[in-house]
Amino acid sequence: MRKLLLHSALTLLALLFILPFYWTFLSAVKSTADLYQFPPVFWPSEWHFENFAASWNKLPFNTFLWNSTVVVVLSTIGQVLSSSLVAFGFARFRFPGRDALFILLLATMMIPWDVKMIPLYMEFNYIGWINTLKPLIVPSYFADAFFVFMLRQFIMTVPLEIDEAARMDGASSFDIYWRIHLPLMLPGLILVGTFHFMNAWNDYLGPLIFLNDQSKYTLTLGLALFKNPHDVDITAVAAITTLLCLPPLALFFVAQRYIMDGAVGSAVKG
Amino acid sequence: MASLHIEDLRKGFGALPVLRQIDLTIGDGEFVCFLGPSGCGKSTLLRSIAGLETPDGGTIRLGSREITHLPSARRNIAMVFQNYALYPHMDVRRNLSFGLALNGMKRDEIRRRVDNAADILRIRELLDRKPRQLSGGQRQRVAIGRAIVREPELFLLDEPLSNLDAGLRVTMRVELAALHARLGTTMVYVTHDQVEAMTLADRVVVLDKGVVSQFGAPLELFYRPANLFVARFIGSPAMNLFDVTVASCDAARLELAGPGLMKPLTLDMDGTPACAAGSAATLGIRPDKLEIVTAGEGELAGLVQLVERLGTESHVHVRLEDGRTVMAVVRGTHPVRAGETVHLKLSPQHCHVFDAAGQALPRQLDAETEALINQRKGRLVA
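Residue numbers (the working numbering), protein chains in the order written: chain C, 148 to 417; chain V, 984 to 1365.
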């Protein structure tokens, strides 16, 4: 009985979370008549799946998809490599001021994006990167404080003797990072990669600030084009939003075992 | 193979000195154990030899090469770690070949060496398994195999059996002895288990607070401890020690008296002992050299507090009249019981005497014991 109550409550909660997704999906496939009907229709009389293709073709979404893919793939690779390398440095090297430097790094997490926005714009403008994808990719190659913290915890659970054994086997510090620690922290890397992928995929403000030309737009900026001061194309917004949700969802389902292991592991180990 | 020479080696962590003026020479092909309690510096000494710690001073030479500041990988030394330190994401074959491949060795040679090590250690059927699929003993074999494939001049083993259960430890001890006999490579082995040190080593280095307390053959440490620390540390159950006073001291004879001794004890010494009448000393005797005798015959008397019956022998804990407790080891069928008053006789030829500074006064051992000490450790016979 207790189990039944628990399951019912959980199902209700799950439905609560699924409802916005379902509503977005419904809005994408409804006819215009069904869309504005009140009370709202939860099971439309007609299903217009052609709305997806129509919405996609209203604007150059192939270009936006390519731009988003370039940004997301390159920045994720950069984030995973740079954060793991910095984490390895903090976890395994002994040097004066290491702990103070690490605290300083963690303190950068408290600086809000809004504060960094204008200086970053000025910097990228100075080096001529405005209206290119570089401001959305290159910073990821300089590590992220939160990911560094998380991966450092992973590395610190690996016994130091493994590094020493590798060193006696002739491995350099980079060999130890590349051949020993990188494979060992795979769950952590998948976790970092997934988190960063989602952040980069959903990023709206960054592209809005740094990109001017429509040919450089990412998917999130493209989506915003359906909305103007006079009108909102609800069907198109819902259709593209539904499509935009698919890659992160697919990634999460593929990586969920690692994400759960990684999140729990970094919480209870080290 | 190579000999190892350590001169004036010093190492500290911050203000804490861990190794102080270590001087050792380990012969080519010798099996030497570093023995001592936790924190005595034995692992730091081993890691300094391996190149995993940088000494503050002194030199380390392997054969004719000075290796004090060489990187670990260029010392031609292999090390077996206490917790095995196998690479968890690699199978056994890759664990064994990792170092060889990293150093650019040809595939055929790597295969030959890995197969050879696998045959020696009987792990051929494990080559495709990951470390997590191995038992403790199998992991230990793989860790040793990783050292063997490098064909080093020197093996370093850091408490390699401490994570194994008692039964497996005995088996692996025999296997290590056999491996040393087969390879003939110089081996340095760190342990805090004196049974391992006594059974495996040609010679044992006893370390205490970062200094070499004594360096000698296992039986030399047992029968001729150089100081109180070694006397206390070597032997199980531990040596009984009594505070005594030197009653008289002349050429080759020493007479001791003390609050616990019912009558003076006269010992034959090896030359005139460097002590004066009236000075404080410590008398030591191993529990198995204390004999339960009838009243009037012994030098000690006391109440039996506890008898631990182990089968072949019994440990008798006796509280002396002055409150101190001694232990005697008697045959397992001895009828002594707790609550009885017993008299104990010290066997004078088996007594050890230490001066006020804790240094042993030289004593003449019987010819049989002397011969045993000087005999080289027996090799494992196939």
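Positions of the beta carbon are idealized from the N, C-alpha and C atoms, including for glycine.
Just so you know, these numbers come straight off a predicted model, no measurement behind them.
For residue i, return the contacting residues in chain C, with the cut-off set at a CB-CB distance below 8 Å.
i	result
V/F1064	E308, E311, A312
V/A1056	R314, M315, D316, G317, A318
V/A1061	M315
V/A1068	P306, E308, I309, E311, A312
Between residue i and residue j, which are expected to be in contact by the criterion C-beta below 8 Å, what is the C-beta distance as a whole number of angstroms?
i	j	result
V/M1252	V/L1344	6 Å
C/V219	C/F357	The pair is not a contact, with the Cβ atoms about 15 Å apart (cut-off 8 Å).
V/I1009	V/L992	Going by Cβ atoms, the distance from V/I1009 to V/L992 rounds to 13 Å, so no, they are not a contact pair.
V/L1289	V/C1334	The pair is not a contact, with the Cβ atoms about 24 Å apart (cut-off 8 Å).
V/A1340	V/A1263	Wrong, their Cβ atoms sit about 10 Å apart, outside the cutoff.
V/L1053	V/D1141	The pair is not a contact, with the Cβ atoms about 19 Å apart (cut-off 8 Å).
V/G1218	V/F1198	Not really, about 17 Å apart at Cβ, beyond 8 Å.
V/L1104	V/G1128	5 Å
V/V1097	V/S1080	5 Å
C/A402	C/A175	Not a contact, Cβ separation roughly 26 Å.
Quick one: list the residues of chain C neighbouring residue i, beta-carbon separation under 7 Å, in chain order.
i	result
V/P1071	L331
V/G1082	D316, G317
V/A1033	M315
Comparing alpha-carbon positions, which option in the options lies nearest residue i?
i	options	result
C/L298	C/V227, C/T365, C/F271, C/L307	C/V227
C/G335	C/L352, C/F294, C/D322, C/M345	C/F294
V/P1143	V/E1134, V/V1188, V/V1125	V/V1125
C/D380	C/Y288, C/I277, C/M256, C/N198	C/N198
V/A1227	V/R1307, V/V1325, V/G1167, V/L1035	The residue you asked about is not Ala; residue 1227 of chain V is Val in the sequence shown. The option with the nearest alpha carbon to V/V1227 is V/R1307.
V/L1224	V/L1237, V/G1243, V/C1232	V/G1243
C/A290	C/I274, C/F237, C/Y169, C/L393	C/F237
C/S215	C/A386, C/N375, C/S362, C/Y169	C/S362
V/P1000	V/G1150, V/R1129, V/R1030, V/V1194	V/V1194
V/R1320	V/T1352, V/A1221, V/I1275, V/D1098	V/I1275
V/A1068	C/P306, C/A385, C/F189	C/P306
C/G225	C/A161, C/L157, C/P259, C/G340	C/G340
V/T1277	V/S1118, V/L1329, V/E1238, V/V1171	V/L1329
V/M1155	V/V1325, V/G1119, V/R1096	V/G1119
C/A292	C/L152, C/A234, C/T171, C/I274	C/A234
V/V1299	V/A1200, V/G1012, V/A1311	V/A1311
V/A1033	C/A200, C/G317, C/V188, C/S287	C/G317
C/D181	C/Y169, C/H195, C/N349	C/H195
V/V980	V/E1351, V/A1164, V/V1157	Nothing can be reported for residue 980 of chain V, as the shown portion of chain V is limited to 984 through 1365.
V/E1304	V/L1283, V/G1315, V/L1293	V/L1283
V/R1048	V/A985, V/E1013, V/G1254	V/A985
Can you name the residues of chain C whose CB is closer than 9 Å to the CB of residue i?
i	result
V/L1140	Residues of chain C passing the Cβ test: none, with the nearest at roughly 13 Å.
Give me the chain V residues within the contact set of residue i, using Cβ-Cβ distance strictly less than 9 Å, ordered along the chain.
i	result
C/D378	Those within 9 Å of C/D378 in chain V number zero; the least Cβ separation is about 56 Å.
Ordered along the chain, which non-local residues of its own chain (more than five positions away) have a Cβ less than 6 Å from that of residue i?
i	result
V/L1202	L1355, I1356
V/A1240	T1228, A1230, P1247
C/G353	L283
C/S413	For C/S413, the predicted structure reports a pLDDT of 43, less than 50, and the residue's modelled location is therefore unreliable. The matter cannot be settled from this model.
V/A1365	Because the pLDDT of V/A1365 is 45, which lies under 50, any placement of that residue in the model is unreliable, and the question is left without a value.
V/T1324	L1286
C/Y351	T367
C/K177	P191
Could you pull out every residue in the same chain whose Cβ sits closer than 7 Å to the Cβ of residue i, ignoring the five residues on either side in sequence?
i	result
C/G417	Confidence is the limiting factor: at C/G417 the pLDDT is only 32, short of 50, which leaves the residue's position unreliable and the question unanswerable from this model.
C/L232	Y324
C/T365	F211, N214, S215, V218, P354
C/V415	For C/V415, the pLDDT reaches just 39, beneath the cut-off of 50, and the residue's location in the model is therefore unreliable, leaving the point undetermined.
V/L1151	G1119, G1120
C/L398	T341, F344
C/L152	none
V/D974	For residue 974 of chain V there is no data in the structure shown, the boundaries of chain V being 984 and 1365.
Under a CB-based cut-off of 9 Å, is residue i close to chain A?
i	result
V/A1161	Of the chains in the structure shown, none is chain A; the protein chains are C and V.
Which residues of chain V have a Cβ atom closer than 8 Å to the Cβ of residue i, listed in chain order?
i	result
C/D322	L1085
Which chain V residues sit within Cβ distance under 7 Å of residue i?
i	result
C/I258	Near C/I258 there are no residues of chain V at all, since even the closest Cβ is about 36 Å away, more than 7 Å.
C/I327	Y1070
Taking 8 Å as the limit between beta carbons, can you name the residues of its chain near residue i, skipping five residues before and five after?
i	result
C/K150	none
C/N278	F357, L358, N359, D360, K363
C/L329	S231, L336
V/M1245	G1281, E1282, L1283, A1284
### Task
Give a yes or no on contact between the region 310-325 of chain C and the region 248-264 of chain C, applying the rule of three or more CB pairs nearer than 8 Å.
no
### Query
Are the region 1008-1028 of chain V and the region 1184-1193 of chain V touching by the rule of at least three beta carbon pairs closer than 8 Å?
yes
### Query
How about the region 1056-1064 of chain V and the region 1126-1141 of chain V: do they share at least three Cβ pairs that are nearer than 8 Å?
yes
### Task
Decide if the region 1027-1047 of chain V is in contact with the region 1207-1225 of chain V; the criterion is three or more beta carbon pairs, one per stretch, under 8 Å apart.
no
#### Entry: Segment contact, 8 Å Cβ cut-off, at least three pairs: the region 1069-1085 of chain V with the region 1109-1123 of chain V
yes
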